[in-house]
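Chemist: Using the working numbering, you'd call the opening residue of the sequence shown number 993 and step up by one each time. Glycine included, every Cβ here is placed at the ideal spot set by N, Cα and C. The structure follows.
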Amino acid sequence: MPVTRIHWDDLPLDARHAVEQHVGRVLHAETAPAGLNSGIAATVRTAGSTLFIKGVPTDHPQTGTQQREAAINPHLPAASPRLLCHVRAGGWDRSTFPLWRGV
């Protein structure tokens, strides 16, 4: 089921702060140009890293899929991006990964 895409700055403040508690303050965010399954999909830059954040509203049917993805991530092969944090706050369920260009 497609989701309407929003920008990082359009997330509720408490939703952004919940992620920033794990990864540091987001200095720059760029919305991903493709994909249909995430209400937020963005490349973000913090003082120490560049990350990929994706998520859906907590009342969206895709929330269960996102939670399963977070649960199985530690069991994936080493060649898979590692989940840095999975945060549910501010009406949004979000997962954050290190950015892998070309993936």
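Here's the rule I'm using: 16 or more other beta-carbon atoms within 10 Å means buried, otherwise exposed. How should Ser1041 be labelled?
Modeler: Stepping through the sequence shown from its first residue, residue 1041 is reached at position 49. Looking at its Cβ environment, which holds fewer than 16 other Cβ atoms inside 10 Å, Ser1041 is exposed.
Chemist: DSSP three-state call for Trp1000: helix, strand or coil?
Modeler: The count along the sequence shown starts at 1 and reaches residue 1000 at position 8. In the structure shown, Trp1000 sits in a helix (DSSP, three-state: H, G or I).
Chemist: Whose C-alpha, out of Gln1058, Leu1068, Leu1019, Gln1013, is nearest the C-alpha of Ile1032?
Modeler: Residue 1032 sits at position 40 when you count from the first residue of the sequence shown. Of Gln1058, Leu1068, Leu1019, Gln1013, the residue nearest in Cα terms is Gln1058.
Chemist: Determine whether the beta carbon atoms of Lys1046 and Arg1008 lie at a separation below 8 Å.
Modeler: As a first step, residue 1046 must be located in the sequence shown, where it is residue number 54. As a first step, residue 1008 must be located in the sequence shown, where it is residue number 16. Taking 8 Å as the Cβ cut-off, Lys1046 and Arg1008 do not qualify as a contacting pair.
Chemist: Would Asp1067 be called buried (16 or more neighbouring beta carbons within 10 Å of its own) or exposed?
Modeler: By 1-based counting over the sequence shown, the position of residue 1067 is 75. Contrary to the premise, residue 1067 reads as His rather than Asp in this sequence. The residue in question, His1067, is exposed, as its Cβ has fewer than 16 Cβ neighbours within 10 Å.
Chemist: Among Phe1044, Thr996, Ile998, whose alpha-carbon lies nearest the alpha-carbon of Arg1074?
Modeler: Locating residue 1074 in the sequence shown gives position 82, counting from the first residue. The option with the nearest alpha carbon to Arg1074 is Phe1044.
Chemist: With distances taken from CA atoms, which of Pro1090, Trp1084, Arg1093 is nearest Asp1002?
Modeler: The sequence position of residue 1002 within the sequence shown is 10, counting from 1. Of Pro1090, Trp1084, Arg1093, the residue nearest in Cα terms is Trp1084.
Chemist: I need the DSSP call for Gly1040, collapsed to helix, strand or coil.
Modeler: Translated into the one-based positions of the sequence shown, residue 1040 becomes position 48. Coil at Gly1040, not helix or strand.
Chemist: Judging by CA-CA distance, which residue of Val1048, Val995, Val1036 is the nearest neighbour of Val1079?
Modeler: The residue you call residue 1079 lines up with position 87 of the sequence shown. If we check each option's Cα against that of Val1079, Val1048 comes out closest.
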